[in-house]
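Engineer: Mapped onto this note's numbering, the consecutive letters of the sequence shown carry residue numbers 583 to 833.
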Amino acid sequence: METQDLQSLGRLSYSLFGDWNQALSTGERTLRTIGLKDGLDSRAIEKAALAHLSRAESIQKESFDLSTPFFRLSALNRFLLAANHVEHWSYARIARTLELPAEAIPPLLWRARLQYIFDECNLALAYPSGGKLASSHCPIYDATDPWTARLLDEEMKPQERQFLQNHMVACDACRNALGRVRELIHAIDALMPSKQCETWVLDEMHAQARRLAGSGMTYGRSTLQTSLTQWSRSPGTWLGIGLLLWAIVRW
Ligand SMILES: [Zn+2]
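Laid out in structure tokens, this is it:
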């Protein structure tokens, strides 16, 4: 298990629970439970994050600090924003965590971004519309899943990215559309509360990683496999089995 993964879980859980102490203690408990079955790796972190999301969804809204616009968002929207803007998880990883198809993620993330900036923060930013198509070469702008966001999230195939980059050299409308989304994304980056991770939190995350590793659960299922392999490879084991068989035959 990478300490980096553990830190991701800590920050995602803070975004869900709004409290570092709760995020850290719930994280360790969940990982111990999951680790017993599947081993602690990146996938375990994703399973733990999903478990925390379900838990956060059942918490009353009033329990959060509602003076912070971020905590007025739904648990799902907080998770999507933290996974993308703080952890830089790909759409595929977010989809795997949420057990959704990958194509479901960009529209959900886009809606969460708009809601955060325009409904909750009321920022006076230019609304990231696609503008008028300047020519027949302009990419189609889907207002629920714009190409501009996919491009900035680095979620485009190299040929598509190359086409758009070449197109924008000559097309002001598309370049401006991209500029508006870039501003929106930068504004969200700056407004993510889980980015401000205090020193004691980081210290606790390191201590947690040591505790989890020390509990022998770092490899979960594979620890059992390793011990079985070692047992079967041991000459003493085979000598014992041989003697037992000999005794049975003699008897
Ligand atoms: Zn264009």
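Just so it is clear, CB atoms sit at the ideal spot from N, CA and C, and this is done for glycine as well.
The alpha helix (DSSP H) with ASN748 in it runs from where to where?
Structural biologist: That run of the alpha helix (DSSP H) goes 740-752.
Engineer: Using a Cβ-Cβ cutoff of less than 7 Å, which residues in the same chain neighbour ALA638 once the five nearest sequence positions on both sides are dropped?
Structural biologist: The residues are LEU598, PHE599, ALA657.
Engineer: Beta-carbon within less than 8 Å of GLU681's beta-carbon, same chain only, minus the 5 sequence neighbours each way: which residues are those?
Structural biologist: Excluding residues within five positions, the ones whose Cβ falls inside 8 Å are LEU632.
Engineer: Can we count ALA752 as close to ligand 1, meaning its CB is less than 6 Å from some heavy atom?
Structural biologist: Checking every heavy atom of ligand 1 against the Cβ of ALA752, none is found closer than 6 Å.
Engineer: By Cβ distance below 6 Å, which residues in the same chain neighbour PRO710 in space, the five residues on each side in sequence not counted?
Structural biologist: ARG762, VAL763, LEU766, listed in sequence order.
Engineer: For GLN604 and TYR596, what's the separation of their Cα atoms in angstroms?
Structural biologist: Distance between the alpha carbons of GLN604 and TYR596: 8 Å.
Engineer: Quick one: what's got a C-beta closer than 6 Å to ALA665's C-beta in the same chain, skipping five residues either side?
Structural biologist: The answer, listed in chain order, is TRP671, ILE676.
Engineer: In angstroms, rounded to a whole number, what distance separates the CA positions of GLY802 and LEU613?
Structural biologist: Residue placement at GLY802 is poorly supported in this model, since its pLDDT is 39, which falls under 50; the coordinates still yield a value, given next. Their Cα atoms are separated by approximately 11 Å.
Engineer: State yes or no: is the C-beta of ALA725 nearer than 6 Å to some heavy atom of ligand 1?
Structural biologist: Outside the cutoff, so no.
Engineer: Determine, using beta carbons only, whether SER624 and ASP647 come nearer to each other than 7 Å.
Structural biologist: Contact flag unset, no.
Engineer: Is it the case that the CB of ALA633 approaches a heavy atom of ligand 1 more closely than 6 Å?
Structural biologist: Checking every heavy atom of ligand 1 against the Cβ of ALA633, none is found closer than 6 Å.
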